[in-house]
Every structure is written in structure tokens, then in C-alpha cells.
Amino acid sequence: MVKRIAETRLAPGAHILRDDLYPIRVDNVSRMAVLDKRNEVRAAITEMLGQENDTEVAKIAWLSKRDIPKAYGSMVVYLKKRLRELRVSRVEA
Numbered sequence: 001m002v003k004r005i006a007e008t009r010l011a012p013g014a015h016i017l018r019d020d021l022y023p024i025r026v027d028n029v030s031r032m033a034v035l036d037k038r039n040e041v042r043a044a045i046t047e048m049l050g051q052e053n054d055t056e057v058a059k060i061a062w063l064s065k066r067d068i069p070k071a072y073g074s075m076v077v078y079l080k081k082r083l084r085e086l087r088v089s090r091v092e093a
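Every letter in the sequence shown is one number past the one before it in UniProt numbering, and letter 67, counting from 1, is 67.
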């Protein structure tokens with residue numbers, strides 16, 4: 001919405017560079033399935049979610065505290081196209 005308002009006030013020929021991203025929060029996610037040993041998001045998870053949902057995943061962010069070793073946490077998945085629901089299959093670490 002902000003992008004649409006900003007585009008109406010731009011000079012002719014100017015463009016907004018960022019695409020619209022659609023965040024989806026996912027709770028109770030296995031930490032070991034999403035994060036690697038360095039507490040960074042695995043690249044395979046991004047590819048797997050994109051293929052399962054027939055969309056492009058822009059990025060994934062882990063929302064729970066990384067320094068507290070809980071088995072499950074929350075993450076947000078930013079998609080390039082809007083979906084009603086995000087399908088997530090069982091992932092083994």
C-alpha cells in the first residue's frame with residue numbers, strides 16, 4: 001500500500017525498485033531443520049519451500065532468539081507472490 005501511494009507522488013519516469021513481499025509467520029518450527037550449526041538459515045529450506053508452494057521465497061528470518069537453544073521456534077517466510085497458506089512438509093535435519 002505504501003508503495004502504491006509513493007508511486008503516485010513520483011516524478012514522471014521514476015520507479016520504486018523494491019518488489020512487494022508477503023510475510024508469513026510459521027510457529028513451532030524445528031530449529032535443527034531450519035538452522036545450521038552456525039545458527040544461519042539453511043539454503044535448502046528456502047529452495048524446498050519455494051518448490052512445494054510453487055512460488056519464489058525472497059528470504060527467511062528466524063524470529064526466536066538464536067542464543068537460547070530451544071528445540072522449536074518461530075520464523076517468517078517472505079514470498080514474492082501472495083498465498084492463502086504455506087505448505088510445509090516434514091523436514092529432517
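Backbone N, C-alpha and C fix where the C-beta goes; we use that ideal spot for every residue, glycine too.
Just how far apart, CA to CA, sit residue i and residue j?
i	j	result
Ala93	Tyr22	Unreliable positioning characterises Ala93 in this predicted model, as indicated by a pLDDT of 48, which lies under 50. A coordinate reading is not provided.
Lys70	Pro12	51 Å
Arg25	Arg38	22 Å
Leu63	Gln51	23 Å
Asn28	Thr55	22 Å
Gly73	Ser30	7 Å
Lys81	Leu49	13 Å
Leu79	Arg42	16 Å
Glu40	Val57	16 Å
Leu83	Ile68	31 Å
Going by DSSP, what residue range makes up the beta strand (DSSP E) through residue i?
i	result
Ala58	Val57 to Trp62
Quick check on residue i: buried or exposed, where buried means 16 or more other Cβ atoms within 10 Å of its Cβ?
i	result
Ile45	buried
Val76	exposed
Leu35	buried
Bridge partners for residue i per DSSP, in chain order?
i	result
Met75	Val26 and Trp62
Leu35	Val41
With respect to the alpha helix (DSSP H) encompassing residue i, which residues constitute its N-terminal and C-terminal limits?
i	result
Ile45	Ala43 to Asn53
Arg82	First-last for Arg82: undefined, no H or E at that position.
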